[in-house]
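Beneath this line is the structure, given in structure tokens, with notes to follow.
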Amino acid sequence: LQYQALWDMDPNAMFARIGTDVDEWQNLLTGIRKSRATFDNAKTFKRFGNVVINYAQVQEKVDSKYDSWHKDVLVRFSEIVGDAMRNFKTEITELRGKLEEYRLDGSTSD
């Protein structure tokens with residue numbers, strides 16, 4: 006049941022809460038990777054005496070959901086980084102233009 010949140014969470018609400026804070030996005034991506042490590046193993050069953058619980062299908066569904074979340078987060082993060090890069094380039098270009106407007110006179114009165 007602890008992984009039910011993967012299905013219940015609204016990605017857009019989460020994305021809105023994080024906003025454009027790159028550090029928060031990196032923390033989210035790191036958290037997804039660490040949480041996913043729990044299921045990244047070859048063991049698909051647990052034995053309790055004579056009772057064997059095979060959780061391969063559950064593990065596969067959770068893995069698939071983590072992959073889906075990871076992809077969605079990466080796509081949104083790449084959009085935010087791309088926007089930030091475009092804004093930075095625009096700002097730098099404008100500032101460069103302003104600097105180039107100034108005429109620097111390097112002559113001396115010798």
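When we follow our numbering, the leftmost residue of the sequence shown carries the number 6, and every step to the right adds one. Don't be surprised by glycine CBs; every beta carbon is placed ideally from N, CA and C.
Between Val80 and the set Asn17, Lys94, Gln62, Gly102, the nearest pair of CA atoms involves Asn17.
In this structure, Leu34 is the residue among Arg101, Leu34, Leu100 with its C-alpha nearest to the C-alpha of Ser83. Rounded to the nearest angstrom, the gap between the Cα atoms of Glu65 and Glu99 is 51 angstroms. With respect to the 8 angstroms criterion, Phe50 and Val56 are not classified as neighbours on the basis of their beta carbons. Assignment of Lys66 by DSSP, reduced to helix, strand and coil, places it in the helix class. DSSP, read as helix, strand or coil, puts Asn32 in helix. In the three-state scheme derived from DSSP, where H, G and I count as helix and E and B as strand, Asn59 is classed as strand. The three-state reading of DSSP puts Phe93 in helix, counting H, G and I together.
Shortest Cα-Cα distance from Asp88 to any of Gly24, Trp12, Tyr8 involves Gly24. Restricting attention to Asn46, Asn59, Lys70, Ala47, the CA atom closest to the CA of Asp13 is found in Lys70. Under the criterion of beta carbons closer than 8 angstroms, Tyr8 and Val67 qualify as touching, at roughly 5 angstroms.
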